[in-house]
Amino acid sequence: MEDRIREKLKILADAAKYDVSCTSSGSNRKNDGKGIGNASSGICHTYTEDGRCVSLLKILLTNYCIYDCAFCVSRSSNDVKRAAFTVEEVVALTMNFYRRNYIEGLFLSSGIFKDADYTMERMLRIVKKLRLEENFHGYIHLKTIPGASGELVTEAGLYADRMSINLEMPTEAGLKLLAPDKSHTEVKRELGVVRAKAIQYADERKLIKSTPSFVPAGQSTQMVIGATAETDRDVMQTANEYYKAFSLKRVYYSGYIPISSDNRMPMIGTPPPLIRENRLYQTDWLLRVYGFDVEEILNETYQNLDLDVDPKLSWALRNFQLFPVDINTADYRMILRVPGIGVRSAQKIVAARRFGKLRIDQLKKIGISYSKAQYFIRCADTPFRLNEKDPYTVKRIILRSSQSKYLKNQFQQLSLF
Numbered sequence: 189m190e191d192r193i194r195e196k197l198k199i200l201a202d203a204a205k206y207d208v209s210c211t212s213s214g215s216n217r218k219n220d221g222k223g224i225g226n227a228s229s230g231i232c233h234t235y236t237e238d239g240r241c242v243s244l245l246k247i248l249l250t251n252y253c254i255y256d257c258a259f260c261v262s263r264s265s266n267d268v269k270r271a272a273f274t275v276e277e278v279v280a281l282t283m284n285f286y287r288r289n290y291i292e293g294l295f296l297s298s299g300i301f302k303d304a305d306y307t308m309e310r311m312l313r314i315v316k317k318l319r320l321e322e323n324f325h326g327y328i329h330l331k332t333i334p335g336a337s338g339e340l341v342t343e344a345g346l347y348a349d350r351m352s353i354n355l356e357m358p359t360e361a362g363l364k365l366l367a368p369d370k371s372h373t374e375v376k377r378e379l380g381v382v383r384a385k386a387i388q389y390a391d392e393r394k395l396i397k398s399t400p401s402f403v404p405a406g407q408s409t410q411m412v413i414g415a416t417a418e419t420d421r422d423v424m425q426t427a428n429e430y431y432k433a434f435s436l437k438r439v440y441y442s443g444y445i446p447i448s449s450d451n452r453m454p455m456i457g458t459p460p461p462l463i464r465e466n467r468l469y470q471t472d473w474l475l476r477v478y479g480f481d482v483e484e485i486l487n488e489t490y491q492n493l494d495l496d497v498d499p500k501l502s503w504a505l506r507n508f509q510l511f512p513v514d515i516n517t518a519d520y521r522m523i524l525r526v527p528g529i530g531v532r533s534a535q536k537i538v539a540a541r542r543f544g545k546l547r548i549d550q551l552k553k554i555g556i557s558y559s560k561a562q563y564f565i566r567c568a569d570t571p572f573r574l575n576e577k578d579p580y581t582v583k584r585i586i587l588r589s590s591q592s593k594y595l596k597n598q599f600q601q602l603s604l605f
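Quick note on numbering: the sequence shown equals residues 189 to 605 in the working numbering.
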């Protein structure tokens, strides 16, 4: 690889790491001359719906940008080294890495130079050349550019597997404070274009089998958390709105990392709110998979998530009057709401109890976290005294148990040495 290309790759792969829409961890493994192969900058990993780990080349087309978003490392006023790939360079990099079995696909985003359509047109040329000229059938995740024309976005959807566009801030007010040149209206328009075209192509495919696929892996968005003053309720209400309006596959929550010296930004010099980010992902999972509503978890009284315990346990402790649940008679929806019982375990419980009443040892074999669930359930041989504790005592016991398990695991790992 030429030094010039290697330098560009280093700059633009590093700038791309702040986009979490592709769950990733960068790799830069060096060969000391005694091994085989090298892992280069920009190689990251994402996971498919069936659990496979896919390696991607994750880069920006350019980190030049006409916008001055306060939270962004590539903002126009920031003093960073700039670089830009040509269309041909991105295509060549992708194909060379693919042929060497470093990657299985491409994650391509970009700063905005000149204007939105100018940038989007070049990104479109890249994916078209990969598909049509290089006959590349690997995975492509393409970030669309806010403000780009619907025609360019629609054409790009014929070649990309997944498309996404960053919402940036959870509310319009927060966005206007830190990125006054951007608008949620533009994001909604482009998400709406992709959703409408996906429905249109799906309907046409029912009649004409040769109809091409359109963004088969769906679309997603991302919000920066902690840079503005929104509550967790604000964040999850926005996420829920976009899930319902645009059938998103995922909403990603990126804890703000203090990389900016802009006086509009908070938390300079403090670590990112990683535990809050984790709790938001857990809440997102409850909305998408467990059938919860936002207002059940977060409301006027509880504006922010409990950082001590996961949101499902927090909800159960606040609604302790609904428990204990009788595992042998409760419906599936209520079993699914018991802390320590996941989707697969709930399905197994409903299936198994048709053959007889379930007991504690059977529940453990099914795979539930009995140490947590025991305070919220009854089964055939449950001692009644276990369910007589108040929610504050239960929370204290569970937290103490979790801390004890953590310390035990740490001791076991240290003992290996």
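Heads up, the beta-carbon is just placed ideally off N, CA and C, and yes, glycines get one too. Since we're looking at a predicted model, the values are computed, not measured.
Compare the Cα-Cα distances from Glu309 to each of Ala417, Ser337, Ile537 and Arg383 and report the closest residue.
Among Ala417, Ser337, Ile537 and Arg383, the Cα nearest to that of Glu309 is on Ser337.
To test your reading of the DSSP string, which unbroken alpha helix (DSSP H) runs of 4 or more residues are found completely within the region 419–507?
Listed in chain order, the complete alpha helix (DSSP H) runs (minimum 4 residues) inside the region 419–507 are 420–434, 462–476, 482–485 and 499–506.
Enumerated in chain order, which unbroken segments of the beta strand (DSSP E) with a length of 3 residues or greater are wholly contained in the region 282–308?
Counting only runs of 3 or more, we get 293–297.
For Leu245, which of helix, strand or coil comes out of DSSP?
Reduced to three states, the DSSP call for Leu245 is strand.
Is it right to say Tyr286 is buried, meaning 16 or more other beta carbons lie within 10 angstroms of its own, or is it exposed?
With 16 or more other Cβ atoms within 10 Å, it is buried.
Is Asn251 buried or exposed, if buried means 16 or more other CB atoms sit within 10 Å of its CB?
Asn251 is classed as buried because its beta carbon has at least 16 other beta carbons within 10 Å across all chains shown.
Suppose the cutoff is 7 Å on Cβ atoms and the five residues either side in sequence are ignored; what does the same chain contact list for Gly223 look like?
Caution is warranted here: a pLDDT of 43 is assigned to Gly223, below 50, making its placement in the model unreliable, and the coordinate value is therefore given only provisionally. Within the same chain, Gly223 has no close Cβ partners at all.
Closest Cα partner of Arg421 within the set Ser435, Tyr347, Pro499 and Ala384
Checking every option, the nearest Cα to that of Arg421 belongs to Pro499.
I need the boundaries of the beta strand (DSSP E) containing Arg383, first residue and last residue.
The continuous stretches of beta strand (DSSP E) do not include Arg383, which lies in the alpha helix (DSSP H) extending over residues His372 to Leu395.
Less than 7 Å between the C-beta atoms of Asp349 and Ala304, yes or no?
No, Cβ-Cβ distance for Asp349 and Ala304 is not below 7 Å.
Straight-line CA distance for Tyr558 to Ile565?
Answer to the nearest angstrom: the Cα atoms are 9 Å apart.
Would DSSP call Gln591 helix, strand or coil?
Assigned with DSSP and collapsed to three states, Gln591 falls in helix.
Quick one: which unbroken beta strand (DSSP E) runs of 3-plus residues sit fully inside the region 338–370? Chain order, please.
Under the rule that a run must span 3 or more residues, the beta strand (DSSP E) segments found entirely inside the region 338–370 read 350–352.
Quick check: what's the CA-CA separation for Tyr490 versus Arg506?
Between the alpha carbons of Tyr490 and Arg506 lies a distance of about 10 Å.
Taking contact to mean 3 or more Cβ pairs, one atom from each stretch, closer than 8 Å, check whether the region 424–431 and the region 476–495 are in contact.
Three or more Cβ pairs closer than 8 Å define a contact, and the region 424–431 meets that threshold against the region 476–495.
Look up Ile529 in the DSSP assignment and say whether it is helix, strand or coil.
Three-state DSSP puts Ile529 in coil, outside helix and strand.
Taking three-plus beta-carbon pairs below 8 Å as touching, is the region 261–276 in contact with the region 371–388?
No, the region 261–276 does not touch the region 371–388.
Kindly indicate the opening and closing residues of the beta strand (DSSP E) around Ile515.
Where Ile515 is concerned, there is no enclosing beta strand (DSSP E), given that its DSSP letter is neither H nor E.
Just the Cα atoms here: how many angstroms apart are Glu374 and Ile523?
The straight-line gap from Cα to Cα measures roughly 41 Å.
Going by DSSP, what residue range makes up the alpha helix (DSSP H) through Tyr563?
In this chain, Tyr563 is not harboured by any alpha helix (DSSP H), its DSSP state being neither H nor E.
With 16 other Cβ atoms within 10 Å as the buried cut-off, status of Ala201
With at least 16 other beta carbons inside 10 angstroms of its own, Ala201 counts as buried.
To the nearest whole angstrom, what separates the beta carbons of Glu378 and Thr419, a pair I think is in contact under 8 Å?
About 27 Å; that fails the 8 Å criterion.
First and last residue of the beta strand (DSSP E) that includes Leu551?
For Leu551, no beta strand (DSSP E) encloses it; the enclosing alpha helix (DSSP H) starts and ends at Ile548 to Ile554.
Taking Cβ positions, are Ser243 and Cys253 nearer each other than 7 Å?
For the 7 Å CB-CB criterion, Ser243 and Cys253 do not form a contact.
Residue environment, His372, which counts as buried when at least 16 other CB atoms sit within 10 Å:
His372 comes out buried.
State yes or no: is the C-beta of Val382 within less than 7 Å of the C-beta of Gln410?
If you check the CB distance, Val382 and Gln410 do not come in under 7 Å.
Whether Tyr327 touches Gly293 by CB criterion (7 Å)
Taking 7 Å as the Cβ cut-off, Tyr327 and Gly293 qualify as a contacting pair.
Where do the ends of the alpha helix (DSSP H) carrying Tyr520 lie?
That run of the alpha helix (DSSP H) goes Tyr520 to Leu524.
Less than 8 Å between the CB atoms is what I'm expecting for Leu468 and Val423, so what's the real figure, rounded?
With a Cβ gap of about 6 Å, Leu468 and Val423 count as contacting.
For a test of the three-state rule: what should DSSP assign to Val412, helix, strand or coil?
Note: Val412 maps to strand in three-state DSSP.
Are the beta-carbon atoms of Lys370 and Pro400 separated by less than 7 Å?
Here Lys370 is not near Pro400, since their CB atoms are 7 Å or more apart.
Ends of the beta strand (DSSP E) at Leu197?
Boundaries for Leu197: no beta strand (DSSP E) harbours it, while the alpha helix (DSSP H) harbouring it runs Asp191 to Ala204, taken from the DSSP string.
Three-state secondary structure (DSSP) at Ile328?
Ile328 sits in a strand when the DSSP states are folded into three classes.
Tell me, please, which residues DSSP counts as bridged to Cys232.
Note: Cys232 sits in a beta bridge opposite Leu244.
Simplified DSSP state of Ala568, which is helix, strand or coil:
Secondary structure of Ala568 (DSSP, three-state): coil.
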